[in-house]
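So the sequences go chain by chain: A and B. Each residue of the first sequence is one higher than the one before, counting from 16 in our numbering. Each residue of the second sequence is one higher than the one before, counting from 16 in our numbering.
2 protein chains.
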Amino acid sequence: VVLPTGEVFDDLRKLKKDNTGYDLKNLFVGAEGTLGIVTAAVLKLFPKPKGREVAFAGLSSPQAALEFFGRAEELAGNSLTAFELIGRTPLEFALKHIPGLTRPLQGDLPWYLLIEVSSGRSAEDAKNLIEQVLTAGLDTGLVGDAVIAASLAQAAAFWKLRDELSDAQKPEGGSIKHDISVPVASIPAFIEQGAQVAEKVSKGARVVCFGHMGDGNLHYNISQPVGADKEAYLALYPVMNKAVHDLARSFGGSISAEHGIGQLKRDELIATAPPVAIDLMRRVKAAFDPAGIMNPGKVI
Amino acid sequence: VVLPTGEVFDDLRKLKKDNTGYDLKNLFVGAEGTLGIVTAAVLKLFPKPKGREVAFAGLSSPQAALEFFGRAEELAGNSLTAFELIGRTPLEFALKHIPGLTRPLQGDLPWYLLIEVSSGRSAEDAKNLIEQVLTAGLDTGLVGDAVIAASLAQAAAFWKLRDELSDAQKPEGGSIKHDISVPVASIPAFIEQGAQVAEKVSKGARVVCFGHMGDGNLHYNISQPVGADKEAYLALYPVMNKAVHDLARSFGGSISAEHGIGQLKRDELIATAPPVAIDLMRRVKAAFDPAGIMNPGKVI
């Protein structure tokens, strides 16, 4: 890390265990350059998995997805490398607007999962694992229907569908975006109450909910009502943000799971985080960068 | 965390992803109470493994143990829950001094491993995994001999042997202890050079080397030469510490992998850590605890 003084703090160590003084490294990680500029990092590499299987499943509710997640984690452990929750609305947007996508499952289920299992042992092990996981889901009735990608091409197609969900929202008009996380167990309640919150702010607004279920992290975007005026809808941005973020906070959640604070969420962080936390962050900032020259105006 | 002001910093969140400002939590973790007193924590629980297998293996060298570790990790991944390296000297000390222990392997190999595999899938899976791991070790010649615990009692006996290594040193006279870590790949070179370093400080001193190989963390203790005067040997404590710690540092290692700094290693940390790091730690300390009332005299 290059510090405001021009000095270099070098912590490029390859240790798994080190208890020598304060953990400065994690203070710089995620500080968005406001304490110093990270110019190098040590990475741990893992071998490429020997087997990888991708499946698409349909379910009746986020609650079923949560229970199924617990079962899948129990069966596959760290081999469960993706568990992506996808609502019906983003799925339909993608199938409508992105050329070349195919509907993975027929039937009329409101929630979907893209599941990936990776095995360091063998291709056969990955295949057995994903079959065990899906069988457990189907046998318990948590999963309504499921399909395992029959080829690398189909696996790629499932992932393409997931990757296009964000772009597929654009033709549907204005979108008010959120990058929230809540405890994994609170995902169903957040989704249920989130729909009410969004409806209250904008009648007919369409919740586009998808995300990394295993991380408790949802890309919770709200598309404008069909036929609404885009500008008028986007004028609701701060009101919708506040409503959704208040809901996330009520679950002990985060208003920035992945993307950071920057300047967009700075005032909100300062207004809503515990004053003690903001005070400590400001003391760190003042101690490291008393002249305030590092990425000024960001984070705090 | 209760702060020096009496205020409480509450970060009891159950989130897997959160990017809202500075990571204060990891600053308090490992600060040994010098920034505030941690009074509560959130823990993530994992289900008890469905299967667990313990094995004891003999090898010709730490280099063979390192190569075998890579193979075992590749095969068992996160199911590899222990990979404890044990030198011949601590093994013999334990068999000599601790009542009720049995030699796990005959033959005359200089290095040993206690290996544990845990499976969240099934008991059979754990059994298959440990057999695969040991077969890979034996087939490649990295492992000279190995035995899988045939019962829970035998598994407990293997662990008891490991757990008693520290106590078994006491009847052998004075011991100069180190809690070092190095990059996992540097373990063999550290052990080879460590023996020379110890011999140079005290001719005939006996290296008692054991530890968590997968963590790069060795309990690297040096017992006095046979028949030496204990007090005279222990007078070498600072010289031996410096020699071993210098060696660990030369590999980018840590002089405190597990146990922290306290007051014992404070002066050494301040003298040997990069001045920039010490300066940053002192700025954090001054920012959080300007009156210096939290665990004074410790860490920095």
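All residues carry an ideal CB built from backbone N, CA and C; glycine is no exception.
Within the model, the alpha-carbon separation for A/E89 versus B/G152 is close to 29 Å. Annotation for B/E146: the continuous alpha helix (DSSP H) segment containing it runs A138 to D154.
Residues of the region 168-179 of chain B with a Cβ closer than 8 Å to any Cβ of chain A: none. Distance between A/V17 and A/I195, taken at the CA atoms: about 31 Å. When C-alpha distances from B/E283 are compared across B/H260, B/D304 and B/I145, the shortest belongs to B/H260. Within chain B, the residues G36 have their CB atoms less than 7 Å from the CB of A/V314, given in chain order.
Where A/N256 is concerned, the enclosing alpha helix (DSSP H) starts and stops at Y252 to S265.
In the three-state reduction of the DSSP assignment, B/F173 falls in the helix class. Per DSSP, the unbroken alpha helix (DSSP H) holding B/V299 starts and ends at P290 to F303. The C-beta separation of B/G267 from B/P198 comes to about 6 Å, placing the pair in contact by the 8 Å criterion. By the C-beta density criterion, A/E246 is exposed, having fewer than 16 other C-beta atoms within 10 angstroms. Under the Cβ criterion of 9 Å, B/D182 is not counted among the residues facing chain A.
Here A/A286 is exposed. Its C-beta has fewer than 16 other C-beta atoms within 10 Å.
For B/I195, the pairing in a beta bridge is given by DSSP as B/L233.
Excluding its 5 nearest sequence neighbours in each direction, A/H234 has C-beta neighbours in its own chain below 6 Å: F225 and G226, listed in chain order. Taken in chain order, the complete beta strand (DSSP E) segments of 3 residues or longer contained in the region 61-140 of chain A are 66-74, 95-102 and 126-134. No residue range can be given for B/I315, since it is assigned to no alpha helix (DSSP H) and is classified by DSSP as neither H nor E. Contact annotation for B/V23 against chain A: V291 [CB-CB distance below 8 Å, chain order].
Taking the CA atoms as reference points, B/I237 sits about 28 Å from B/V69.
Residue contact with chain B for A/D160: absent (no Cβ-Cβ distance below 9 Å to any residue of chain B). For B/N256, no Cβ of chain A is located within less than 9 Å of the residue's own Cβ. In this model, B/S76 and B/L157 are separated by some 9 Å (Cα to Cα). For A/I202, the enclosing alpha helix (DSSP H) covers residues I202 to V216.
Counting only Cβ-Cβ distances below 9 Å, B/N310 has no contacts in chain A at all, with the closest Cβ about 13 Å away. DSSP links B/V44 through a beta bridge to no other residue.
Using a Cβ-Cβ cut-off of 9 Å, B/N93 counts as an interface residue toward chain A, since at least one Cβ of chain A sits closer than that to its own. The beta carbons of B/S190 and B/V223 sit closer together than 9 Å. Residue environment: A/T54 is assigned as exposed (fewer than 16 neighbouring CB atoms within 10 Å of its CB, all protein chains considered). Taking a C-beta distance under 9 Å as the contact criterion, B/A97 and B/L124 do not qualify as a contact pair.
Annotation for A/E214: A220 place their beta carbon closer than 8 Å to its own, counting only its chain and skipping 5 residues before and after. Comparing alpha carbon positions, the residue from B/M309, B/I270, B/F303 and B/V162 closest to A/K31 is B/I270. Interface flag for B/L157 against chain A is unset, since no Cβ pair is found closer than 9 Å. Distances from the alpha-carbon of A/L279 to those of A/Y252, A/D25, A/G188 and A/E22 put A/Y252 closest. Nearest CB-CB separation between A/F303 and chain B: below the 9 Å threshold.
Residues of chain B with a Cβ closer than 9 Å to the Cβ of A/I276 are, in chain order, N34, T35 and G36. The beta carbon of A/D26 sits closer than 9 Å to some beta carbon of chain B.
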